[in-house]
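J.:
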Amino acid sequence: MDFFDYPTHYQVIIVGSGHAGVEAACASARLGCKTLLLTQNVDTIAQMSCNPAIGGSAKGHIVREIDALGGMMGLNADATGIQFRMLNASKGPSIRAPRAQCDKKAYQFRMKALLENTANLTITQASVEKLLTKGDQIVGVETNFGIRYSTSAVVITTGTFMRGLTHVGKRSSPGGRMADTSSGISHELEKLGFHLGRFKTGTPCRLLASSINFDECEPQIGDENPSPFSHIRETLVKNIHDVHTLNYVDKEIFHVEQIPCWITYTNEKTHDIIRSNIDRSPLYSGMIDGVGPRYCPSIEDKVIKFSEKPRHQIFLEPEGRHTGEIYVNGISTSLPFEVQYNFVRSIEGLEKAEILRPGYAVEYDYCFPNQLYSTLETKKISGLYFAGQINGTSGYEEAAGQGLVAGANAALKVLMKAPLLLGREESYIGVMIDDLITRGTPEPYRMFTSRAEYRLRLRQDNCDIRLTEKAINLGLACNYRTESYHKKIKTIKALQDKLSQMCYQGIAMNLWLRRPENKAALLPDEYREEYSPEIWSLIETDLKFEGYLKREELQIQRAKKQEEKKIPTDIDYTSIPSLSSEARQKLTEFTPASLRQASKISGITPADIDVLTIWLSKR
Ligand SMILES: Cc1cc2nc3c(=O)[nH]c(=O)nc-3n(C[C@H](O)[C@H](O)[C@H](O)COP(=O)(O)OP(=O)(O)OC[C@H]3O[C@@H](n4cnc5c(N)ncnc54)[C@H](O)[C@@H]3O)c2cc1C
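Start counting the sequence shown at 1458; every next residue gets the next number (this note's numbering).
(1) Mind checking which residues open and close the beta strand (DSSP E) that includes D1707?
(2) Does the separation of the CB atoms of L1792 and L1664 fall below 8 Å?
(3) Counting only runs of 4+ residues fully inside the region 1942–2017, write out the alpha helix (DSSP H) ranges in chain order.
(4) Can you name, in chain order, every residue of its own chain whose Cβ lies under 7 Å from the Cβ of I2066, other than the five neighbours on each side?
(5) Taking buried to mean at least 16 other C-beta atoms within 10 Å of its own C-beta, is R2076 buried or exposed?
(6) By how many angstroms is the C-alpha of H1712 removed from the C-alpha of G1517?
(7) To the nearest angstrom, report how far apart G1478 and T1617 are at their CA atoms.
(8) Flag A1477 as yes when its Cβ comes closer than 7 Å to any non-hydrogen atom of ligand 1, and as no otherwise.
(9) What are the boundary residues of the beta strand (DSSP E) that N1786 is part of?
(10) For a test of the three-state rule: what should DSSP assign to C1662, helix, strand or coil?
(11) What distance in whole Å lies between the Cβ atoms of P1826 and L1893, which are believed to be in contact at a cut-off of 8 Å?
(12) Checking the sheet assignment: what are the DSSP bridge partners for S2051?
(13) Can you tell me which of K1491, G1621 and P1685 puts its alpha carbon nearest to the alpha carbon of L1544?
(14) Is N1574 near ligand 1, in the sense that its beta carbon is under 7 Å from a heavy atom of that ligand?
(15) Should V1585 be listed as close to ligand 1, given that the test is whether its C-beta is under 7 Å from any heavy atom?
(16) Is there at least one non-hydrogen atom of ligand 1 closer than 7 Å to the beta-carbon of G1787?
(17) Which residues bound the alpha helix (DSSP H) around E1820?
(18) Considering only the beta carbon of each residue, do S1851 and R1896 sit closer than 8 Å?
(19) Kindly examine ligand 1 and report whether one of its heavy atoms sits closer than 7 Å to the Cβ of G1856.
(20) So if DSSP puts T1608 in a beta bridge, which residue, or which two residues, is it bridged to?
(21) Using 8 Å for Cβ pairs, my map puts T1614 next to I1946. What's the rounded Cβ distance?
(22) Using the Cα positions of A1977 and D1999, report the straight-line distance between them to the nearest angstrom.
(23) By DSSP's criteria, A1557 is part of a beta bridge. Which residues make up the other side?
(24) Reducing DSSP to helix, strand and coil, say where E1673 ends up.
(25) When the Cα of G1679 is compared with those of C1718, K1657, Y1606 and I1804, which residue comes out closest?
(26) Run through the DSSP bridge pairs and tell me what H1624 is partnered with.
(27) My guess is that L1924 and E1480 are in contact by the Cβ rule of under 8 Å, so how many angstroms apart are they, rounded?
(28) Within 10 Å of its beta-carbon, does D1746 have 16 or more other beta-carbons around it, so buried, or fewer, so exposed?
(29) Less than 7 Å between the CB of S1884 and some heavy atom of ligand 1, yes or no?
(30) The beta strand (DSSP E) that contains C1718, what's its start and end?
(31) In terms of DSSP beta bridges, what is E1599 paired with?
(32) Taking 8 Å as the cut-off, decide whether the C-beta atoms of C1559 and P1509 are in contact.
(33) Please indicate yes or no: does the CB of T1617 lie closer than 7 Å to some heavy atom of ligand 1?
(34) Quick check on P1661: buried or exposed, where buried means 16 or more other Cβ atoms within 10 Å of its Cβ?
(35) Counting Cβ pairs, one atom from each stretch, are 3 or more of them under 8 Å apart for the region 1999–2018 and the region 2026–2038?
(36) For the alpha helix (DSSP H) that H1518 lies in, which residues bound it at each end?
Take a look at the structure:
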């Protein structure tokens, strides 16, 4: 078999152009590294395999963090969104979360165009089949066309494609997505000694809008004043030549032509059809080995596990502005087509519905994430990074957050610069990575606000305050973002100073604003006008929650102290007598970098941490 050694050396190679791959490629190229993006099909760059939505609870926080770090997802969702809503708007500031329905095709093609115009980035359609190493250092990849590319770092973001197998009833076919191929890279990773597991996820059918009776459904409309994700949304200008950018900002007004979603419900008849065919579901017939996401249950799971519920809510979500395709959120399934046909037509409004694409399940390999450092570099192979679904997560946002971190760190390592490390106190991305590498995940990992112990600090409205300085120092932020960030910080400082110096109703304004019954919106116009509602809300929240934020700060300082207690990589836990056998086994498996990481591993007790602390201090 003859090979062709490609004449150009790429400093960083990204494998896969899903949500992780595109962020990794952009971060590496923006840091100045000659970057190659190898992907099986350039027409599916940034494809939304499942729901046409970006953001939501905790996921919206991650999207804004990616934007604050100079990433792409936020601005691309703002440009291609067809409905915007702030979830939990009437609840506490830490759980408010932006969510957008996006035009899937516009999202994809706009991201593809952005990548094509990114300096230092080359895109090539190919499937990576071999990983080339020298000792424990990655040195290249080989594709299905027999081309060998040399490199200093590789980021693998192969999503649901590793030994991907799709299922509709008893019919299964190889593929990471329906009508897509799968990837054989699992074999290469096993050869290099990586441990793999098997997960599964599922998606619902897509229906033809013209066959749905929307009069039987309830409309769900977007917010009157849509809140964009990006901190530099004003860079979205009206441009009739840019067909993929649907929305723009003019004089601080975000212009979006929003379209509704629709709500309907399953019923007892639907549930009976599903129950009487449950043995034909690959999930229940044992055909599927993979472990599924607890928080995205299939309709089969809902009907069987929550049999007391007379109905389950369904959202009919348009997949775009110029398509009649409707995503049916709430009935993810892998039942045979005939059963899908019957239970869909038992639902109000869908009596005559035409199925464009059937629902299906996909099972795929993932790599146990405890084989990674917090830079997402693998512990076994230097210069090899994993990001996205390959690490056991589920979701566009979770994947994109990891992609940015892995792509940036691959580039920073090649450039011999300090890595991008995100702590649990800094970001949801930091919480996610820390959870994965210290605890692993028994099922597809989805982000929730409840996972973050410092969630008041990690609000969706202060992501740039928390992260953009870091992006600027690393070289991830563009000039425009850098300037607008510094301007914002100055504005915030000016208002904070003003609030501490001026009086209102006889007390200092910052004390007045701290009172729960007082709101900036209640202040007379002449006090407020100089600053935007966004700046007022940021400062008002910080003032009102000052006590809680101070308490979180103390917790963070304590955790930092534990983090400083590093554990040497060559430690032999079997030689520490008073450690429990479970602790020895778990610590050897996870090789934590610090006492704090060790304390996070499930099964490690405070007593084990005490033993370790004493042992380390003696050493
Ligand atoms: C059927 C289905 C249902 C889903 N349901 C949900 C859900 O309900 N909720 C949810 O949060 N998420 C869901 N997801 C997951 C969501 O799509 C992923 O979390 C997200 O897309 C992961 O992004 P990624 O970048 O890691 O991988 P992906 O988006 O899967 O992209 C992987 C990319 O790598 C490429 N690739 C793979 N192997 C190779 C190779 N060897 N060489 C070159 N290129 C390669 C692929 O072509 C693709 O471009 C679902 C996915 C699928 C397929």
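The beta-carbon is built from N, C-alpha and C at its ideal position, and this holds for glycine as well.
Just so we're clear, the structure is a prediction, and the values are computed from it rather than from any experiment.
T.: According to the structure shown:
(1) Translated into the one-based positions of the sequence shown, residue 1707 becomes position 250. Segment Y1705 to D1707, the beta strand (DSSP E) holding D1707.
(2) By 1-based counting over the sequence shown, the position of residue 1792 is 335. By 1-based counting over the sequence shown, the position of residue 1664 is 207. No.
(3) If we require 4 residues or more, the alpha helix (DSSP H) runs fully inside the region 1942–2017 come out as 1966–1971, 1982–1985 and 1990–2001.
(4) Against the sequence shown, residue 2066 aligns to sequence position 609. If we look at I2066 and ignore the five residues flanking it on each side, its Cβ neighbours are L2052, A2055 and S2056.
(5) By 1-based counting over the sequence shown, the position of residue 2076 is 619. An exposed status is given to R2076, since fewer than 16 other beta-carbon atoms sit within 10 Å of its beta-carbon.
(6) Taking the first residue of the sequence shown as 1, we reach residue 1517 at position 60. Taking the first residue of the sequence shown as 1, we reach residue 1712 at position 255. If I take the Cα positions, the gap works out to 20 Å.
(7) Position 21 of the sequence shown, counting from 1, holds the residue named residue 1478. Position 160 of the sequence shown, counting from 1, holds the residue named residue 1617. Rounded to the nearest angstrom, the two C-alpha atoms are 13 Å apart.
(8) On the sequence shown, position 20 is the one that residue 1477 refers to. The answer is yes for A1477.
(9) If you number the sequence shown from 1, residue 1786 lands on position 329. Here the beta strand (DSSP E) through N1786 covers E1782 to N1786.
(10) Your numbering for residue 1662 matches position 205 in the sequence shown. In the three-state reduction of the DSSP assignment, C1662 falls in the coil class, being assigned neither a helical nor a strand state.
(11) The residue given as residue 1893 occupies position 436 in the sequence shown. The residue given as residue 1826 occupies position 369 in the sequence shown. Yes, they are in contact, since the Cβ atoms of L1893 and P1826 sit about 4 Å apart, within 8 Å.
(12) Counted from its first residue, the sequence shown places residue 2051 at position 594. In the DSSP output, where bridge partners are listed per residue, S2051 has K2023.
(13) The count along the sequence shown starts at 1 and reaches residue 1544 at position 87. The shortest C-alpha separation from L1544 is found at P1685.
(14) On the sequence shown, position 117 is the one that residue 1574 refers to. Set against 7 Å, the gap from the CB of N1574 to the closest heavy atom of ligand 1 is not smaller.
(15) As a position in the sequence shown, residue 1585 is number 128, starting the count at 1. Taken from the Cβ of V1585, at least one heavy atom of ligand 1 lies inside 7 Å.
(16) Locating residue 1787 in the sequence shown gives position 330, where the first residue counts as 1. In this structure, G1787 has its beta carbon at no less than 7 Å from each heavy atom of ligand 1.
(17) Stepping through the sequence shown from its first residue, residue 1820 is reached at position 363. Careful: E1820 lies outside any alpha helix (DSSP H), inside the beta strand (DSSP E) at Y1817 to C1824.
(18) The count along the sequence shown starts at 1 and reaches residue 1851 at position 394. The count along the sequence shown starts at 1 and reaches residue 1896 at position 439. No.
(19) Translated into positions along the sequence shown, residue 1856 becomes position 399. Here the sequence assigns Ala to residue 1856, which means Gly is not the residue at that position. Under cutoff, so the answer is yes.
(20) Taking the sequence shown and counting its residues from 1, one reaches residue 1608 at position 151. Paired residue(s): Y1467.
(21) Start at 1 with the first residue of the sequence shown, and residue 1614 comes out as number 157. Start at 1 with the first residue of the sequence shown, and residue 1946 comes out as number 489. The Cβ separation is near 33 Å, so there is no contact.
(22) Your numbering for residue 1977 matches position 520 in the sequence shown. Your numbering for residue 1999 matches position 542 in the sequence shown. CA-to-CA, the gap between A1977 and D1999 works out to about 13 Å.
(23) Counted from its first residue, the sequence shown places residue 1557 at position 100. According to DSSP, A1557 bridges with I1511 and F1541.
(24) Within the sequence shown, numbered from 1, the residue matching residue 1673 stands at position 216. E1673 falls in the helix class under three-state DSSP.
(25) Counting from one through the sequence shown, the residue named residue 1679 turns up at place 222. Answer by Cα proximity: C1718.
(26) In the sequence shown, counting from the first residue as 1, residue 1624 sits at position 167. According to DSSP, H1624 bridges with S1629 and A1818.
(27) Residue numbering aside, residue 1924 sits at position 467 when the sequence shown is read from its first letter. Residue numbering aside, residue 1480 sits at position 23 when the sequence shown is read from its first letter. The C-beta distance from L1924 to E1480 rounds to 14 Å, too long to meet the 8 Å contact threshold.
(28) Taking the sequence shown and counting its residues from 1, the one referred to as residue 1746 is at position 289. With fewer than 16 other Cβ atoms within 10 Å, it is exposed.
(29) Numbered from its first residue, the sequence shown carries residue 1884 at position 427. No; taking the cut-off as 7 Å, the Cβ of S1884 has no heavy atom of ligand 1 nearer than that.
(30) Counted from its first residue, the sequence shown places residue 1718 at position 261. C1718 to Y1722 is the span of the beta strand (DSSP E), which, as asked, contains C1718.
(31) The residue labelled residue 1599 in the question sits at position 142 within the sequence shown. Answer is K1587 and R1605, bridged to E1599.
(32) By one-based count along the sequence shown, residue 1559 stands at place 102. By one-based count along the sequence shown, residue 1509 stands at place 52. Cβ atoms of C1559 and P1509: closer than 8 Å.
(33) Here residue 1617 refers to the residue found at position 160 when the sequence shown is read from its first residue. In this structure, ligand 1 has a non-hydrogen atom nearer than 7 Å to the beta-carbon of T1617.
(34) Locating residue 1661 in the sequence shown gives position 204, where the first residue counts as 1. By the 16-neighbour rule on beta-carbons within 10 angstroms, P1661 is buried.
(35) As far as the Cβ criterion goes, the region 1999–2018 does not touch the region 2026–2038, which means the pair count is below three.
(36) Within the sequence shown, residue 1518 is the residue found at index 61, counting from 1. Taken as a continuous stretch (DSSP letters only), the alpha helix (DSSP H) holding H1518 covers K1516 to A1525.
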